[in-house]
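*Asks:* One line per chain: the protein sequences are A and C, in this order.
Positions 0 to 184 (numbering that gives the first Met the number 0) are the ones given, in order, by the first sequence.
Positions 0 to 184 (numbering that gives the first Met the number 0) are the ones given, in order, by the second sequence.
Ideal Cβ positions, reconstructed from N, Cα and C, are used throughout, including at glycine.
There are 2 protein chains.
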Amino acid sequence: MGNALQHKGLHGVGLSEILADADTPKGGLYHHFPGGKTELAVAAIEQQVADLCALLDKLLPGADPVAALELWIARAQQGLAASGFQRGCPLATVALESSAQDVAIRQALADGFAAIRARLALAFEASGRIANAAGLAALIVAAYEGALLQARVAGSVAPMELVGAALFPLLRTQLQGPPDDQATD
Amino acid sequence: MGNALQHKGLHGVGLSEILADADTPKGGLYHHFPGGKTELAVAAIEQQVADLCALLDKLLPGADPVAALELWIARAQQGLAASGFQRGCPLATVALESSAQDVAIRQALADGFAAIRARLALAFEASGRIANAAGLAALIVAAYEGALLQARVAGSVAPMELVGAALFPLLRTQLQGPPDDQATD
DNA sequence: TTGCCAACAGACCGACCGGTCTGTACAGTA
DNA sequence: TACTGTACAGACCGGTCGGTCTGTTGGCAA
Numbered sequence: 000m001g002n003a004l005q006h007k008g009l010h011g012v013g014l015s016e017i018l019a020d021a022d023t024p025k026g027g028l029y030h031h032f033p034g035g036k037t038e039l040a041v042a043a044i045e046q047q048v049a050d051l052c053a054l055l056d057k058l059l060p061g062a063d064p065v066a067a068l069e070l071w072i073a074r075a076q077q078g079l080a081a082s083g084f085q086r087g088c089p090l091a092t093v094a095l096e097s098s099a100q101d102v103a104i105r106q107a108l109a110d111g112f113a114a115i116r117a118r119l120a121l122a123f124e125a126s127g128r129i130a131n132a133a134g135l136a137a138l139i140v141a142a143y144e145g146a147l148l149q150a151r152v153a154g155s156v157a158p159m160e161l162v163g164a165a166l167f168p169l170l171r172t173q174l175q176g177p178p179d180d181q182a183t184d
Numbered sequence: 000m001g002n003a004l005q006h007k008g009l010h011g012v013g014l015s016e017i018l019a020d021a022d023t024p025k026g027g028l029y030h031h032f033p034g035g036k037t038e039l040a041v042a043a044i045e046q047q048v049a050d051l052c053a054l055l056d057k058l059l060p061g062a063d064p065v066a067a068l069e070l071w072i073a074r075a076q077q078g079l080a081a082s083g084f085q086r087g088c089p090l091a092t093v094a095l096e097s098s099a100q101d102v103a104i105r106q107a108l109a110d111g112f113a114a115i116r117a118r119l120a121l122a123f124e125a126s127g128r129i130a131n132a133a134g135l136a137a138l139i140v141a142a143y144e145g146a147l148l149q150a151r152v153a154g155s156v157a158p159m160e161l162v163g164a165a166l167f168p169l170l171r172t173q174l175q176g177p178p179d180d181q182a183t184d
């Protein structure tokens with residue numbers, strides 16, 4: 000499910016395709032997911048968020064957060080290229096397809112993004128003096144999503160590298176503090 | 000068409016819905032767009048890119064590019080809120096739904112993004128000394144897309160404001176030059 | 001006036017969509 | 001051993017999808 004969502008989005012995958020992938024007949028599905036495709040999607044979103052949070056928890060603590068983010072982006076680049084520029088962020092596709100009526104899905108996505116931002120913000124705060132940790136976290140998530148998107152349609156990791164090359168130096172200057180206001184803890 | 004694409008994506012809209020919106024019967028469509036839905040989508044994408052480029056051309060020249068971008072983002076925020084958090088970037092949704100097999104669509108999208116990046120990069124270069132104009136352009140497009148995405152699912156412009164508040168000061172320091180390496184022309 | 005062809009209109013098509021419904025297999029209980 | 005309720009299986013449903021096909025119209029050439 001997660002995989003298919005990542006590739007084609009919620010409307011793009013058929014229930015039958017999902018079930019075929021999972022080698023599961025259709026009948027039993029509605030016992031476990033009475034909400035049908037929507038509930039399935041919510042579960043997949045939550046799973047993906049949990050995975051991503053786990054990855055961030057592995058990369059972020061201790062190290063220089065910018066270095067950790069560079070590693071994160073590098074991984075995403077590899078994943079994208081390895082999938083032949085099919086796999087993107089599993090949250091983003093569903094996010095853009097969803098309408099305001101899809102309350103459950105939007106809630107799951109909003110919670111997911113908030114959780115990711117919170118984790119990044121926490122890492123910035125822990126790494127030292129930082130004024131606008133929440134803003135930086137939102138910027139990074141945005142840059143990540145946007146970079147992935149551009150790279151996907153371009154069929155090349157070049158846009159991601161461009162974004163990284165522009166963003167990380169800026170982040171370093173911000174995090175390491177302007178020379179006249181240095182502080183570390 | 001553009002509107003519908005923006006709201007629900009390529010797979011999310013039915014051809015019948017598009018035609019009903021346009022008050023056009025189905026028959027004549029295939030005279031003008033023998034390629035069917037795909038060709039229609041490509042045309043819509045190109046139209047949107049042209050519109051966006053026109054907007055940028057209106058905002059960017061002359062002024063401080065960062066101020067122009069702030070205006071641009073503010074407009075996007077207004078549009079998003081005014082649509083009840085339905086309308087996003089018309090390119091992004093289709094971009095994420097598309098697979099590598101959709102050659103024509105991906106090409107149109109890649110060209111579109113490249114054109115937008117080029118316009119931004121040009122503005123940076125024109126505005127003064129700048130090392131990595133292409134990188135900054137890619138970063139801004141990425142941040143824009145990602146911010147829009149987060150704001151949409153959150154049902155609030157707050158994420159966009161966060162991103163803007165983090166990005167624009169960074170851009171200013173970059174564009175106005177580090178204090179020990181100032182240069183203007 | 002007549003013949004012709006591009007432009008258009010919408011009825012129609014098979015395929016497939018998400019979802020439901022009946023039937024079955026099989027634990028746990030007495 | 002007989003009973004029962006849950007978990008599963010897949011045939012089946014109406015609706016809608018993207019796309020095609022047969023008219024019909026209306027301007028233009030002769």
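Which value, in whole angstroms, describes the spacing of the CA atoms of Gly28 of chain A and Ala94 of chain A?
*Replies:* For the purposes of this step, residue 28 of chain A is taken as the residue at position 29 of the first sequence. For the purposes of this step, residue 94 of chain A is taken as the residue at position 95 of the first sequence. At residue 28 of chain A the sequence reads Leu, which differs from the Gly that was named. Approximately 24 Å, taken between the alpha carbons.
*Asks:* To the nearest angstrom, how far is the alpha carbon of Ala99 of chain C from that of Gly127 of chain A?
*Replies:* Position 100 of the second sequence, counted from the first residue, corresponds to residue 99 of chain C. Position 128 of the first sequence, counted from the first residue, corresponds to residue 127 of chain A. Approximately 42 Å between the Cα atoms of the pair.
*Asks:* For Gly78 of chain C, count the other beta carbons within 10 Å of its own beta carbon; 16 or more makes it buried, fewer makes it exposed. Which is it?
*Replies:* Translated into positions along the second sequence, residue 78 of chain C becomes position 79. Exposed, because fewer than 16 other Cβ atoms sit within 10 Å of the Cβ of Gly78 of chain C.
*Asks:* Between which two residues does the alpha helix (DSSP H) harbouring Arg151 of chain C extend?
*Replies:* In the second sequence, counting from the first residue as 1, residue 151 of chain C sits at position 152. Taken as a continuous stretch (DSSP letters only), the alpha helix (DSSP H) holding Arg151 of chain C covers 132-153.
*Asks:* Can you give the Cα-Cα distance for Asn2 of chain C and Arg86 of chain C, rounded to whole angstroms?
*Replies:* Position 3 of the second sequence, counted from the start, is the residue given in the question as residue 2 of chain C. Position 87 of the second sequence, counted from the start, is the residue given in the question as residue 86 of chain C. Straight-line Cα distance between these residues: approximately 8 Å.
*Asks:* Select from the region 99-126 of chain C all residues with a C-beta closer than 7 Å to any C-beta belonging to chain A, and list them in chain order.
*Replies:* Ala99, Arg105, Leu108, Ala109, Phe112
*Asks:* With 9 Å as the C-beta to C-beta threshold (strictly closer), list the residues of the region 18-34 of chain A near chain C in chain order.
*Replies:* none
*Asks:* Taking Val162 of chain C as the reference, give the member of C:Ala113, C:Leu54, C:Glu69, C:Pro33 with the closest Cα.
*Replies:* Along the second sequence, one-based indexing puts residue 162 of chain C at 163. If we check each option's Cα against that of Val162 of chain C, C:Glu69 comes out closest.
*Asks:* Note down, in chain order, each residue of its chain lying with its Cβ closer than 6 Å to the Cβ of Ala33 of chain C, except the 5 sequence neighbours on either side.
*Replies:* Taking the first residue of the second sequence as position 1, residue 33 of chain C is located at position 34. Per the sequence shown, the amino acid found at residue 33 of chain C is Pro instead of Ala. Within the same chain, Pro33 of chain C has no close Cβ partners at all.
*Asks:* Specify the secondary structure class of Asp101 of chain C as computed by DSSP and reduced to three states.
*Replies:* Along the second sequence, one-based indexing puts residue 101 of chain C at 102. Shown here, Asp101 of chain C sits in coil according to DSSP, grouped into three states, outside any helix or strand.
*Asks:* How about Ala114 of chain A and Val41 of chain A: are their beta carbons less than 8 Å apart?
*Replies:* Within the first sequence, the letter at position 115 stands for residue 114 of chain A. Within the first sequence, the letter at position 42 stands for residue 41 of chain A. Between Ala114 of chain A and Val41 of chain A, the gap from beta carbon to beta carbon reaches 8 Å or more.
*Asks:* Looking at the unbroken alpha helix (DSSP H) that takes in Phe167 of chain A, where does it start and where does it end?
*Replies:* Here residue 167 of chain A refers to the residue found at position 168 when the first sequence is read from its first residue. If you look at Phe167 of chain A, you'll find it in the alpha helix (DSSP H) that goes 157-174.
*Asks:* From this set, A:Ala157, A:Gly145, A:Gln173, A:Val156, which residue's C-alpha is nearest Ala132 of chain A's C-alpha?
*Replies:* Residue mapping note: residue 132 of chain A aligns to position 133 of the first sequence, counting from 1. Nearest of A:Ala157, A:Gly145, A:Gln173, A:Val156 to Ala132 of chain A, Cα basis: A:Gln173.
*Asks:* Ala157 of chain C to Pro24 of chain A, Cα distance in whole Å?
*Replies:* Along the second sequence, one-based indexing puts residue 157 of chain C at 158. Along the first sequence, one-based indexing puts residue 24 of chain A at 25. So the alpha carbons of these two residues sit roughly 43 Å apart.
*Asks:* Would the region 115-124 of chain A and the region 50-58 of chain A be scored as touching if the rule is three or more Cβ pairs under 8 Å?
*Replies:* Under the 8 Å Cβ criterion, the region 115-124 of chain A counts as touching the region 50-58 of chain A, having at least three qualifying pairs.
*Asks:* Hey, could you find the ends of the alpha helix (DSSP H) Pro93 of chain A is sitting in?
*Replies:* Reading the first sequence from its first residue, position 94 is the one you call residue 93 of chain A. Strictly speaking, residue 93 of chain A in this sequence is Val, with Pro absent from that position. Boundaries of the alpha helix (DSSP H) around Val93 of chain A: 89-96.
*Asks:* Arg151 of chain A versus chain C: which residues are under 7 Å apart at the beta carbon?
*Replies:* Position 152 of the first sequence, counted from the first residue, corresponds to residue 151 of chain A. Going along chain C in sequence order, the residues near Arg151 of chain A (Cβ under 7 Å) are Ala94.
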